[in-house]
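Number of protein chains: 2
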Amino acid sequence: MTDPFVPGPRTQVAGIASGPLAGMTFAVKDLIDVAGVPTGGGNPDWPRVYPTPARHAWVVQTLLDAGASIVGKTVTDEVSLGILGENAFDGTPLNPAVPDRVPGGSSSGSASAVASGLCDFALGTDSGGSVRVPSSFCGLYGIRPTHGRIDFSGITVQSPSADTCGWFARDAATFAKVGETLFGMKMPDALPTTLLVATDAFGFADDDVQQALMPMLDRLAALIGTRTDVTMAPQGLSVWQRAQRVLQSSESWKTFEPWLDTCNPRMAFNVARGLIIGSMLTDAERNAATLMRIEARARMKSLLPPGTVLCLPTTPFPAPLKGLSLRTLNPLRERISCLTSHGGLTGVPQVNLPGATVAGAPVGLSIVGGRGTDLALLRIALAMGG
Amino acid sequence: MTDPFVPGPRTQVAGIASGPLAGMTFAVKDLIDVAGVPTGGGNPDWPRVYPTPARHAWVVQTLLDAGASIVGKTVTDEVSLGILGENAFDGTPLNPAVPDRVPGGSSSGSASAVASGLCDFALGTDSGGSVRVPSSFCGLYGIRPTHGRIDFSGITVQSPSADTCGWFARDAATFAKVGETLFGMKMPDALPTTLLVATDAFGFADDDVQQALMPMLDRLAALIGTRTDVTMAPQGLSVWQRAQRVLQSSESWKTFEPWLDTCNPRMAFNVARGLIIGSMLTDAERNAATLMRIEARARMKSLLPPGTVLCLPTTPFPAPLKGLSLRTLNPLRERISCLTSHGGLTGVPQVNLPGATVAGAPVGLSIVGGRGTDLALLRIALAMGG
């Protein structure tokens, strides 16, 4: 099974005839409401507690109102819990660049649909890396917006303090145009003027990934100007990761526990395990993680004044092979989240730039800005992609 | 979904033309091998690691050789992990006595098929109560044989130190005849002469269950003669239960961990949770449980010399309603296992005698003998049922 779209009749909704996105097509992750269509959530028992929505999610309505048309709802990791894109019920959407590898998740079908040319762009969600990881693995532009900036109404909640709604595109112009529509603002004309290179994050990536990203990093530095090496997480990326895992797992448990209790849903073993780990965390662990979040937010704020962006590898390696054992995959998941956890922890926006490969497999370079600088990141993407 | 048989084509195998069970029909729990038929194990991902068997399980071959014919394979709780009989994939087999209630598990479909009159008898397995609980809830004769006495080859292992293969029947004559076939011996002519009443176990049951069982207990005492009240578990039934849960959960984890690792199977949340709890137990907990097992075995051996049997309520209450929340069901599961854990802990045989009801719902009286006294228990069943 490699279809990026969910099983059953294809969901299609035409946008209005004119508008900035007229003629464009998009796909919608099956955690985002389309009126009248059950939101499947990637799990056969999710619609038992999530009633068929009467209204479109805010993002969907806004895109339809701008002229774009829906061509389908896409496969997701179960209730967004996963970053690899292997769904035990709906299968693994194709990663067209490297068909023997996973597409990344949880917005797996949205990334796959865009990468396969089945639509112009696609909506995803990103709590722990669910847009950033598949955009790196599939070679796409992808954004995790500033936390709280895109209206989340009509989207299935996972961890409210980390949940965001983002999107994928193949080309920078489409990518930026969707952003101008959803943010309701034009991009700034000027590019940022300072580029920070997160040496701890680069050091965390495989050597061949570091090498593969160097030409992109050089182009980016040439575009922006000043280039400075910094340590992004003085406490350690793995320390940030541990804090964010505590916060996100605790919130996920709180979100899904009533569903688990009343429905005893079918789910892949590792999804259940992740939820159960969340149920066993203590207030002491949550309190320590909350303090680390304060420190991490302060760090990102001081690193990223207006006009400054930070770059890092989006993932430490390209997409793993499909069908690996949990024993093999679990350490890979942990390593990936060391590079993505800062997003949920601090709320800053991040854009994945495609363009590098390792042995033919895509891997992306990320740019991160201070809170609210989403449009400046889109401006960089356009400059790099143009 | 209330079919006791597994989805798909019905498995039918004719027994030989003559023999002690000629003309009889039986059903086979889908954890027990029938040659050429995938053993489903109650989970859609179990056949991925459990190859289609080339041979019948020993019990199946023995029954076919005695003239009985297979009429179907029956629904089971996932890989035998459950005692209520609600399978999230295959549904809940009908409990014909009380259609709004669960049939009990894990040998749910076997109990349902016999209780519904679809076959003369049916095979189940019992590690933690999987024959005894459904026989109590459905109003059937049911046996958990002495551990190790019935050849387990060709049956899916769960917890080797507790696993047994038993059977259900509606009438005592059929029930006993199957026993003589599988044990390869005739029943003794004489009945036991001493009846012990486990007052701690009776005290653990609901008041109305105790009352409902009194007439059966009086008949049993009249049949046997001497009647003495005893405390079955001086350390506490709940202490025995905790020890057995540690041992059984540890063994289950060891059994299924390779499958979980390679297949990441789909399973109901509570099944995953039970396995994960097993993964977190410590050697210290296992060591303490092993010592308690030694004490419990010694206790049962001293209580049950030849000629003595013990009786207790099989379950503390009749079948719960279907579809209850985990929050409601989990304490019920724990309470049930306080009355069943002695079986896996000590290995003694146990027979459920039907005949009592509470508000129309069946509940059974159990007789337990020393190791190897299975046929004496069948003799009692025949005397009570005749």
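These protein sequence lines are chains A and B, in that order.
Per the numbering used here, residue 5 is the first one in the first sequence, and the count goes up by one each step.
Per the numbering used here, residue 5 is the first one in the second sequence, and the count goes up by one each step.
Note that the Cβ used here is the ideal one computed from N, Cα and C, for glycine as well.
These numbers were taken from a predicted model, which means no experiment stands behind them.
query: Beta-carbon of Glu289/A versus every beta-carbon of chain B: anything under 9 Å?
result: Reading the first sequence from its first residue, position 285 is the one you call residue 289/A. Chain B contact via Cβ: absent.
message: Just to confirm, is the Cβ distance from Pro322/A to Ser139/A under 9 Å?
response: As a working note, residue 322/A is residue 318 in the first sequence. As a working note, residue 139/A is residue 135 in the first sequence. Against a cut-off of 9 Å, the Cβ pair of Ser139/A and Pro322/A comes out as no contact.
- prompt: Using the beta-carbon of each residue, which ones in chain A are nearer than 8 Å to Pro269/B?
  reply: If you number the second sequence from 1, residue 269/B lands on position 265. By Cβ distance, chain A contributes Ala92, Ala272, Phe273.
- request: Out of Cys142/A, Gly170/A, Leu144/A, point me to the one whose CA is closest to His151/A's CA.
  value: Residue numbering aside, residue 151/A sits at position 147 when the first sequence is read from its first letter. The option with the nearest alpha carbon to His151/A is Gly170/A.
message: List, in chain order, every chain A residue whose beta-carbon is nearer than 9 Å to that of Ser254/B.
response: Sequence index remark: in the second sequence, residue 254/B carries index 250 (1-based). Ordered by position in chain A, no residue passes the 9 Å Cβ test against Ser254/B, which lies about 17 Å from the chain.
task: With 9 Å as the threshold, decide whether the Cβ of Ala276/B is near any Cβ in chain A.
output: As a position in the second sequence, residue 276/B is number 272, starting the count at 1. Yes, Ala276/B counts as interfacial toward chain A.
query: What's the C-alpha gap between Gly143/B and Met189/B?
result: Within the second sequence, the letter at position 139 stands for residue 143/B. Within the second sequence, the letter at position 185 stands for residue 189/B. So the alpha carbons of these two residues sit roughly 26 Å apart.
- prompt: The alpha helix (DSSP H) with Met191/A in it runs from where to where?
  reply: Locating residue 191/A in the first sequence gives position 187, counting from the first residue. No alpha helix (DSSP H) holds Met191/A; DSSP gives it neither H nor E.
message: My output table needs one value for Thr203/A: the three-state DSSP class, helix, strand or coil.
response: To locate residue 203/A, count along the first sequence from 1; it is residue 199. DSSP places Thr203/A in helix when its eight states are reduced to three.
field: Beta-carbon proximity list for Gln248/A, same chain, < 8 Å, skipping 5 on both sides
entry: The residue labelled residue 248/A in the question sits at position 244 within the first sequence. Once the five neighbours on either side are set aside, the close Cβ partners of Gln248/A are Gly132, Ala166, Ala293, Arg297, Ser341, Ser345, His346, Gly348, Leu349.
task: Could you have a look at Val135/A and say whether DSSP puts it in helix, strand or coil?
output: Within the first sequence, numbered from 1, the residue matching residue 135/A stands at position 131. It is coil, neither helix nor strand.
query: What's the C-alpha gap between Gly44/A and Thr266/B?
result: As a first step, residue 44/A is located in the first sequence; it is residue number 40 there, counting from the start. As a first step, residue 266/B is located in the second sequence; it is residue number 262 there, counting from the start. Roughly 26 Å between the two C-alpha positions.
- request: Find the residues of chain B that neighbour Ile87/A, judging by a C-beta separation of less than 9 Å, and give them in chain order.
  value: By 1-based counting over the first sequence, the position of residue 87/A is 83. Per Cβ cutoff of 9 Å: no residues; Ile87/A is ~14 Å from chain B at best.
query: Does the beta carbon of Val367/B fall short of 8 Å from some heavy atom of the ligand FMN?
result: The ligand FMN is absent from the structure shown, which contains no ligand whatsoever.
query: If you count every other CB in all the chains shown that lies within 10 Å of the CB of Gly373/B, and 16 or more means buried, which is it?
result: Working through the second sequence from its first residue, we reach residue 373/B at position 369. The residue in question, Gly373/B, is buried, as its Cβ has 16 or more Cβ neighbours within 10 Å.
query: To the nearest angstrom, how far is it from the Cα of Asp104/A to the Cα of Leu325/A?
result: Position 100 of the first sequence, counting from 1, holds the residue named residue 104/A. Position 321 of the first sequence, counting from 1, holds the residue named residue 325/A. About 6 Å.
- request: Below 8 Å on the Cβ atoms is my guess for Asp34/B versus Val10/B; work out the distance and round it to an integer in Å.
  value: Position 30 of the second sequence holds residue 34/B. Position 6 of the second sequence holds residue 10/B. Going by Cβ atoms, the distance from Asp34/B to Val10/B rounds to 5 Å, so yes, they are a contact pair.
message: With a threshold of 9 Å between beta-carbons, can Ser329/A be considered close to chain B, or not?
response: Along the first sequence, one-based indexing puts residue 329/A at 325. Closer than 9 Å to some Cβ of chain B, the Cβ of Ser329/A qualifies, so yes.
message: Could you compute how far the alpha carbon of His60/A sits from the alpha carbon of Thr129/A?
response: As a first step, residue 60/A must be located in the first sequence, where it is residue number 56. As a first step, residue 129/A must be located in the first sequence, where it is residue number 125. C-alpha separation (whole angstroms): 16 Å.
query: chain B partners of Asp265/A, CB-CB under 7 Å?
result: To locate residue 265/A, count along the first sequence from 1; it is residue 261. Going along chain B in sequence order, the residues near Asp265/A (Cβ under 7 Å) are Ser329, Leu330, Arg331.
query: Is the number of C-beta pairs between the stretch 220 to 235 of chain B and the stretch 201 to 209 of chain B that are closer than 8 Å three or more?
result: yes
- prompt: Taking any Cβ of chain B, which residues in the stretch 337 to 355 of chain A have a Cβ under 9 Å from it, in chain order?
  reply: none
task: At 7 Å on the CB atoms, spell out the chain B contacts of Ile280/A, in chain order.
output: Along the first sequence, one-based indexing puts residue 280/A at 276. The answer, in chain order, is Arg277, Ile280.
- request: Use the C-beta contact count for Arg52/A: other C-beta atoms within 10 angstroms, 16 or more gives buried, fewer gives exposed.
  value: Counting from 1 along the first sequence, the entry for residue 52/A is found at position 48. Arg52/A comes out exposed.
- request: Under 8 Å by Cβ, that's how I've got Thr66/A and Leu186/A pegged, so tell me the actual separation to the nearest angstrom.
  value: Stepping through the first sequence from its first residue, residue 66/A is reached at position 62. Stepping through the first sequence from its first residue, residue 186/A is reached at position 182. Confirmed, Cβ separation roughly 6 Å.
query: Just reading off the beta strand (DSSP E) that Gly127/A is part of, what are its end residues?
result: Within the first sequence, residue 127/A is the residue found at index 123, counting from 1. As written in the sequence, residue 127/A is Leu, which differs from the Gly given in the question. It spans 125 to 129 - the beta strand (DSSP E) in which Leu127/A sits, taken as one unbroken run.
task: Give, in chain order, every unbroken run of the alpha helix (DSSP H) that is at least 4 residues long and sits entirely within the stretch 229 to 310 of chain A.
output: 241 to 267, 273 to 283, 287 to 307
- prompt: In or out: Ser134/A buried (at least 16 other Cβ within 10 Å) or exposed?
  reply: Taking the first residue of the first sequence as position 1, residue 134/A is located at position 130. So Ser134/A ends up on the buried side.
field: Per-residue DSSP class, three states only, for Ile159/A
entry: On the first sequence, residue 159/A is found 155 positions in, with the first residue counted as 1. Here Ile159/A sits in strand by DSSP.
field: Closest by C-alpha distance to Thr319/A, when choosing among Gly311/A, Glu289/A, Gln354/A
entry: Residue mapping note: residue 319/A aligns to position 315 of the first sequence, counting from 1. Comparing Cα positions, the closest option is Gln354/A.
CB contact below 9 Å: Asp34/A versus chain B: Sequence index remark: in the first sequence, residue 34/A carries index 30 (1-based). Cβ-Cβ to chain B under 9 Å: no for Asp34/A.
- prompt: When the Cα atoms are used, what is the spatial distance from Pro48/B to Leu382/A?
  reply: In the second sequence, the residue the question calls residue 48/B occupies position 44. In the first sequence, the residue the question calls residue 382/A occupies position 378. Between Pro48/B and Leu382/A, the C-alpha separation is close to 45 Å.
message: To the nearest angstrom, how far is the alpha carbon of Arg174/B from that of Gly389/B?
response: Position 170 of the second sequence, counting from 1, holds the residue named residue 174/B. Position 385 of the second sequence, counting from 1, holds the residue named residue 389/B. One C-alpha to the other measures close to 10 Å.
- request: Could you pull out every residue in the same chain whose Cβ sits closer than 8 Å to the Cβ of Thr78/B, ignoring the five residues on either side in sequence?
  value: One-based indexing of the second sequence puts residue 78/B at position 74. Around Thr78/B: Pro8, Phe9, Val10, Ala31, Val32, Lys33, Asp34, Pro97, Ser111, Ser112, Gly113, Ser114, Ser116, Ala117, Ala126.
message: When you compare the CB of Asp193/A with every CB in chain B, is at least one pair closer than 9 Å?
response: Taking the first residue of the first sequence as 1, we reach residue 193/A at position 189. With 9 Å as the cut-off, Asp193/A does not count as an interface residue toward chain B.
- request: Quick one: residues in its chain with C-beta nearer than 6 Å to the C-beta of Met304/B, no 5 flanking neighbours on either side, listed in chain order?
  value: Position 300 of the second sequence, counted from the first residue, corresponds to residue 304/B. Thr350, Val352.
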